[in-house]
Every structure is written in C-alpha cells, then in structure tokens.
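Report on the following structure.
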C-alpha cells in the first residue's frame, strides 16, 4: 500500500511525503547495547520517501540479507519550511507527532561500519520505515515526557521515555535545519531507546506512545 500522511483525527494532510531525517544513538542505553560510542553531536542520516510504508499495514521484511532489527521511535511531522531555525521556529513547524519503526539490516550495517562505508543499504531499503498516523501536536503535553513502547508477540521489548534523549526534540530539529532544509511533509525520527532486536516474519507488534497512540501491525 502506498504511503500517504494521515492524521489520527481524520484531517487531510496537504503535503506529500518528503524525506525522513533520522538521528542515531540518541539514547545512551541504546548506544551501549550495540557497543557504540555515545556521539557528542547528533548523528544524522536520511531515509528516502521510497523507504516509507504505512505502519498499520503488515510490512514486508527483506529476505536473505541477514537479521532485520526493530527500532521504535517518536516521529515528528514538519509543516513549515525550516532553514537554520531556532527552537521557537522548530516548535511552530511541528504539525504532527507519531511513531516510526527504523528497520535496520543489522548484519549488513555491521559489515558496512567495519569497512568504513555509509549505512544507506542497511537503513534506507524499500519498506525500512513504517510510519503511523499523526496526532495533533497539542495532544502531546510534553515532548520530553513521552513513553515509547514496543511489544512483540505479547512481550515488551522496548520501553523508554523521551526524557532520556541525549538531544531533545526542539534542539534536534533546530540542529538538523542547519544542514538540511526541512520542508512541509518531511519527518524527523528522534532515535530509539534500548531494547532493539530482531523481527521475523509472522511477528505481531504493538507500537505505542503510551496513553497517546497505539498501532498494531505485523511483519511478513
């Protein structure tokens, strides 16, 4: 199914999907679990629009490319153009809050990192970014106090809070806009808490911003 931005309240989104700007290792516990150093500045990479699929639909995993890992993230939908923006401008440009899965070909990523090569093949393949529908920003009282949870086959695998981010949402968006202009329809994925692991065909997933948004989906 082709992805189009949706709002939980049924509003239509006037912008097509743009790029997805992601931040790696934005939770210290996640960096530690993969034996990665904690970055001193945001570690940025981009997923193209072709990587995005609707989270509410079953998503297809690549075959014969090693383990695919789930990484559950708070997603921010941008509604205004941001270039070298300050935090106040960043706040005003947020038009939706949702969920993203940063699916990662972990074995391939490890090989690429070892060789000193970019990560795109491991992070930006078709279907690598299931996205949910978006809440209105006012539905989230505090962006830095949101519980992010993933349950796989009735077992909680990730359960972290946005308060644990090394780079909070507004400074992060401001920083990104210094390097990449953010356009209406772009999405920012804000990093994943600890607990990442493999997802396999047939797995049933429940992805949550606890008490705010819940999506049931499955891997195939």
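Numbering (the working numbering), first residue to last: 8 to 227. All C-beta atoms in this analysis are idealised placements derived from N, C-alpha and C, irrespective of residue type, glycine included. In this text, all values refer to a predicted model and were calculated from it rather than measured experimentally.
Shortest alpha-carbon distance to residue 160 belongs to which of 171, 112, 147, 210? 210
Cα-Cα separation between residue 153 and residue 191, rounded to whole angstroms: 24 Å
So if DSSP puts residue 183 in a beta bridge, which residue, or which two residues, is it bridged to? Per DSSP, none; premise fails for residue 183.
Go through its chain and collect everything with a Cβ distance to residue 60's Cβ below 6 Å, but skip five positions before and after it. 10, 66, 134, 137
Give me the residue from 167, 182, 140 with the minimum Cα distance to residue 203. 167
Helix, strand or coil at residue 113 [DSSP, three-state]: helix
Complete runs of the beta strand (DSSP E) confined to the segment 84 to 144 [at least 3 residues]: 101 to 108, 136 to 138
Sub-9 Å separation of residue 207 and residue 75 beta-carbons: yes
Would you kindly check if the distance between the Cβ of residue 69 and the Cβ of residue 119 is under 9 Å? no
On a CA-only basis, which of 101, 156, 110, 45 is nearest residue 177? Give me that one, please. 101
Applying the 10 Å Cβ sphere with the 16-neighbour rule, what's the burial state of residue 122? exposed
In the DSSP assignment, find the unbroken beta strand (DSSP E) run with residue 166 in it and report its ends. 162 to 168
Where do the N-terminal and C-terminal ends of the beta strand (DSSP E) with residue 31 fall, by residue? 27 to 31
Does the Cβ-Cβ distance between residue 104 and residue 144 come in under 9 Å? yes
Among the residues of its own chain, which have a CB less than 7 Å from the CB of residue 16, if the five just before and after it don't count? 143
Coarse secondary structure for residue 72, derived from DSSP in three states: coil
Mind checking which residues open and close the beta strand (DSSP E) that includes residue 24? Segment: none, residue 24 is in no beta strand (DSSP E) and carries neither H nor E.
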